[in-house]
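Colleague: I have a structure I would like to understand better, so I am pasting it below and will then ask my questions one at a time.
Structural data, given as structure tokens:
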């Protein structure tokens, strides 16, 4: 049913290295411009048959919604906590055999000039690769990159990640 909706009704495609996803990685998904991005990602996750996790503000994890959120791979994060969120998330990688954390580097659905960089520091601290996944609404393609290892050159790494998304248009083009 999901395949039929995604491929035939919505007429989307999945491309790239989705069949080579490491068991532990940070997946950055962009551009994130609309709530429908979540639906597209959930469908893709079902199609490629790979568990992909996400984090959400703890306010979204109330009963009974928390049951659904955890079933979908969600982990609650207290963004107002004085604890180090990057460190807490990195520890999850050491506790689990499989953890693929999907994050929007924009941190919002609105247009941003500068990405949030927590994903980068999570990947470095957990010693896991970064996978870029573009949601290209103009061509209706979800594209997975090869795994990128972080280096000691922050600017070079961020430019490499951002380069993967050059020219990609989200659902709301002006927010891309």
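In my numbering, the protein residues as written are 42 to 217.
Note that CB positions come from ideal geometry on N, CA and C, so glycine has one too.
Measure the Cβ-Cβ separation of residue 144 and residue 83 and say whether it is below 8 Å.
Modeller: no
Colleague: Find out if the Cβ-Cβ distance for the pair residue 207, residue 57 is shorter than 8 Å.
Modeller: no
Colleague: Should residue 147 and residue 73 be called a contact, given that it needs their Cβ atoms to be closer than 8 Å?
Modeller: Taking 8 Å as the Cβ cut-off, residue 147 and residue 73 qualify as a contacting pair.
Colleague: Taking the alpha-carbon positions, what's the residue 45 to residue 171 distance?
Modeller: 30 Å
Colleague: Quick one: complete alpha helix (DSSP H) runs, 4+ long, within the stretch 57-119?
Modeller: Entirely contained in the stretch 57-119, the alpha helix (DSSP H) runs reaching 4 residues are, in chain order, 77-89, 106-112.
Colleague: With burial defined as no fewer than 16 other Cβ atoms inside 10 Å of the residue's Cβ, what is the status of residue 62: buried or exposed?
Modeller: buried
Colleague: Which residue or residues does DSSP assign as beta-bridge partners of residue 143?
Modeller: 68, 95
Colleague: Just to confirm my understanding: we take residue 121, look at its own chain, exclude 5 residues before and 5 after, and list those with CB closer than 6 Å. What are they?
Modeller: none
Colleague: Following the continuous beta strand (DSSP E) through residue 185, name the residue where it begins and the one where it ends.
Modeller: Taken as a continuous stretch (DSSP letters only), the beta strand (DSSP E) holding residue 185 covers 182-185.
Colleague: Please report the distance separating the alpha-carbon of residue 182 from that of residue 54.
Modeller: 5 Å
Colleague: Look at the Cβ atom of residue 177, then the Cβ atom of residue 152, and state whether they are nearer than 8 Å.
Modeller: Residue 152 is positioned such that its CB atom lies no closer than 8 Å to that of residue 177.
Colleague: Quick check on the burial criterion: 16 or more other C-beta atoms within 10 angstroms. Buried or exposed for residue 106?
Modeller: exposed
Colleague: Note the first and the last residue of the continuous beta strand (DSSP E) segment covering residue 177.
Modeller: Residue 177 -> beta strand (DSSP E) spans 171-177.
Colleague: How long is the line joining the alpha carbons of residue 201 and residue 112, rounded to whole angstroms?
Modeller: Their Cα atoms are separated by approximately 33 Å.
Colleague: Answer yes or no: the CB of residue 118 versus the heavy atoms of the ligand MN, is any distance below 7 Å?
Modeller: In the structure on display, the ligand MN does not appear, and there are no ligands present to speak of.
Colleague: Once the 5 residues before and after residue 98 are set aside, which same chain residues still bring their CB inside 6 Å of it?
Modeller: 120
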